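S.K.: Numbering (the numbering used here), first residue to last: 13 to 355.
Quick reminder that beta carbons are idealized off the backbone N, C-alpha and C, glycines included.
Since the structure is predicted, the reported quantities are computational estimates derived from the model, not experimental observations.
Below is one structure. I have some questions about it.
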């Protein structure tokens, strides 16, 4: 069995979750990590027992590295990701895939051009309750989908946004929608399908930052269903993300990693087993690496055997495209139509 060599670019807090996930892979090994600051790169490498570099292109030149995880600030994903793909390495990039649709499309096309895999981290798709919802939808158990509601009442302190110059900026980080809300937005799209129109409103209510700390949207899906989004980092003290689906035959309500309500004709409420705890409501580090590992396993299986890649570049693009449309609608004060992007 081949051992897949991993490299990590960026050694901030989210890199810890990638490293922990890689350690638990049956066929993966962390070879090296990169950070522009040598002290940080070395500290991470010493902790994880891997090599390090201050220039990430050294990782891209390393023949022992097959897959690269990019965990840098969001605004750098596109440029670094293109270098990874053009070096012939498989790319796993943290959410969001990039800061706009144009950059996202460039990454997708670079992956195709170089014959490598591109996967965007949205590990919440692999949580048992979300898999169960998708199976219920695919089986038609809910009937016609009527409404999908997403609520993300999180809290972040001003100190969180002050901790790095890029935090809370439009070009490098984004706000409550692009940063914290993107996971829930991906789930909304996975369950509801393509969006036709969106009416959005954003504001910065309680923080000294450039981007929004609250975003709201009313959606119309192409299948005729409606959707709502609320994402905020101003809600004290912070509450679990919620996702509700209403069909003509039943209702599912999710809170964090739990099922709050399950009325699905002919389908029993699934047993979720050990509660892994999504967290993140007020502390971005209070999450589990378990589903990062599951997603990395899916990436390896896709490369090795052609198994379906559950999180593709186009999935990341669609989430970013919807956030962009919310921003555009808020600026215009009018609904915006979302056009299908040709890969």
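Looking at the structure shown, is residue 145 part of a helix, part of a strand, or coil, going by DSSP?
M.R.: helix
S.K.: Take the Cβ of residue 330 as the centre, count every other Cβ of all protein chains shown within 10 Å, and call the residue buried at 16 or more, exposed below.
M.R.: By the 10 Å Cβ count, residue 330 comes out buried.
S.K.: Any idea what DSSP makes of residue 29, helix, strand or coil?
M.R.: Residue 29 carries a helical assignment under DSSP once its states are collapsed to helix, strand and coil.
S.K.: Determine the closest residue to residue 147 out of 303, 202, 217 and 310, with distance taken between C-alpha atoms.
M.R.: For the residues 303, 202, 217 and 310, the minimum Cα distance to residue 147 belongs to 202.
S.K.: Let me know if residue 242 comes out buried or exposed under the rule of 16 or more other beta-carbons within 10 Å of its beta-carbon.
M.R.: buried
S.K.: Could you check whether the Cβ of residue 264 sits closer than 7 angstroms to any heavy atom belonging to the ligand COA?
M.R.: Absent from the structure shown: the ligand COA. Ligands present: none.
S.K.: Assuming residue 97 and residue 132 are in contact, meaning their beta carbons sit under 8 angstroms apart, how far apart are those beta carbons, in whole angstroms?
M.R.: Actually they do not touch by this definition, with Cβ atoms about 13 angstroms apart.
S.K.: Do residue 275 and residue 223 have their CB atoms nearer than 8 angstroms?
M.R.: Cβ atoms of residue 275 and residue 223: not closer than 8 angstroms.
S.K.: In terms of residue numbering, what span does the alpha helix (DSSP H) encompassing residue 273 cover?
M.R.: Counting along the chain, residue 273 falls outside any alpha helix (DSSP H), though it belongs to the beta strand (DSSP E) covering 270 to 275.
S.K.: Whose C-alpha, out of 232, 85, 349 and 335, is nearest the C-alpha of residue 113?
M.R.: 335
S.K.: With 16 as the cutoff for other CB atoms within 10 Å, does residue 165 come out buried or exposed?
M.R.: Buried.
S.K.: Sort 167, 307 and 189 by Cα distance to residue 249 and report the nearest one.
M.R.: Of 167, 307 and 189, the residue nearest in Cα terms is 167.
S.K.: On the DSSP letters alone, give me the boundaries of the beta strand (DSSP E) that residue 207 sits inside.
M.R.: 207 to 215
S.K.: Quick check: what's the CA-CA separation for residue 351 versus residue 101?
M.R.: 31 angstroms
S.K.: For residue 273, count neighbouring Cβ atoms within 10 angstroms of its own Cβ and tell me buried if that reaches 16, exposed if not.
M.R.: exposed
S.K.: With DSSP as the reference, label residue 349 as helix, strand or coil.
M.R.: In the structure shown, residue 349 sits in a strand (DSSP, three-state: E or B).
S.K.: Compare the C-alpha of residue 264 against each of 193, 158 and 246 and name the closest.
M.R.: Ranking the options by Cα distance to residue 264, first place goes to 158.
S.K.: Counting beta carbon pairs with one atom in the region 42 to 55 and one in the region 17 to 30, are three or more of them shorter than 8 angstroms?
M.R.: They touch, by the three-pair rule.
S.K.: Quick one: what's got a C-beta closer than 8 angstroms to residue 41's C-beta in the same chain, skipping five residues either side?
M.R.: 15, 16, 17, 18 and 34
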